[in-house]
């Protein structure tokens, strides 16, 4: 048994070491009840992200209904080209063009916050830094060798990597964070707020019924709690003669 435990620890050690070296995830602190934040996030996503990334399970009219967006605002701010209110939110870039320009088709982001977590998405969007070795001149702390250009770079500004010394002599230094060296068109506070809005919108898109599910869950638990009382009394009545 002792040998089995030691072997398991040896197998897990590299993973634990790697986990300890990854960048710290910032708290996204989103509020799905903040409808204004979700509306801003939808606008930012359509304008900055949807050229390459789709939300293939979300329809414009469903988004408008959930977020309190009227028809006029929907058409003026979220519908471009020949898109219609009942259409799915698909990207404008063709897959063959994406393969030619990026070498990979950008993923659909409908479920990204459920797969990665809102904190990961929030931190990822803030963690691009200058790297001359990459095709688009940037890299990312959470996603090394990322193929995505920094589409929000003009808003955030330029960042450089914060390097930690190598753990072993002759080893490679590790990127542990980023530092802003040239501010963009937004202040750090304004950029953080923008990224938080985008993250909140993507969290909503991953499960549009989340708030309704939570609301109904309260009543379901209340019903089960009340049902327990007659069920318990009925059980006692059935088993009275046995005991």
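Residue numbers (mature numbering (1 follows the signal peptide of the UniProt record, and there is no 0)): -19 to -1, 1 to 224. The C-beta atom is built at its ideal place from N, Cα and C for all residues, glycine as well. Being a predicted model, the structure only gives us computed values, none of them experimental.
Under a Cβ-count criterion, where at least 16 other Cβ atoms within 10 Å of its own Cβ denotes burial, should residue 144 be classed as buried or exposed?
-> exposed
Check each candidate in 186, 49 and 212 and name the one with the smallest Cα separation from residue 35.
-> 186
Is DSSP giving residue 157 helix, strand or coil here?
-> Reduced to three states, the DSSP call for residue 157 is strand.
With DSSP run on the structure shown, which of helix, strand or coil describes residue 36?
-> strand
Throw me the rounded Cβ distance for the residue 9 and residue 78 pair, which I believe falls under 8 Å.
-> Their Cβ separation, rounded to whole angstroms, is 32 Å, which puts residue 9 and residue 78 out of contact at 8 Å.
Taking DSSP as the reference, what is the three-state secondary structure of residue 123?
-> coil
Since residue 54 and residue 181 are thought to touch, with beta carbons under 8 Å apart, how far apart are those beta carbons, to the nearest angstrom?
-> Going by Cβ atoms, the distance from residue 54 to residue 181 rounds to 18 Å, so no, they are not a contact pair.
Residue burial classification, residue 190 (beta-carbon count within 10 angstroms, cutoff 16) | Classification of residue 190: exposed, given that the 10 Å Cβ count is below 16.
Have a look at residue 130 and residue 138 and give me their C-alpha separation to the nearest angstrom.
-> One Cα belongs to residue 130, the other to residue 138, and the distance between them is close to 13 Å.
Any idea if residue 210 is buried or exposed, counting beta-carbon neighbours within 10 angstroms, 16 or more meaning buried?
-> exposed
Range covered by the alpha helix (DSSP H) that runs through residue 29 | For residue 29, no alpha helix (DSSP H) run applies, since DSSP gives it neither H nor E.
For the beta strand (DSSP E) containing residue 143, list its first residue and its last residue.
-> 138 to 145
Rounded Cβ spacing between residue 107 and residue 176 (contact assumed at less than 8 Å) = 6 Å between Cβ atoms; contact.
Does DSSP put residue 188 in a helix, in a strand, or in coil?
-> coil
Between which two residues does the alpha helix (DSSP H) containing residue 103 stretch?
-> 99 to 106
On the DSSP bridge assignment, give the partners of residue 111 in chain order.
-> According to DSSP, residue 111 bridges with 119.
Would the beta-carbon of residue 70 fall within 8 Å of that of residue 29?
-> no
Measure the C-alpha to C-alpha separation of residue 2 and residue 97 and round it to an integer number of angstroms.
-> At residue 2, the pLDDT of 43 sits below 50, so the modelled position is not reliable and the matter cannot be decided from this model.
Between the CA atoms of residue 13 and residue 214 - distance to the nearest angstrom = 41 Å
Residue 54, enclosing alpha helix (DSSP H) - first and last residue | 52 to 58
Closest by CA to residue 161, which one among 174, 33 and 140?
-> 140
With 16 other CB atoms within 10 Å as the buried threshold, where does residue 194 fall?
-> With fewer than 16 Cβ atoms within 10 Å of its Cβ, residue 194 is classed as exposed.
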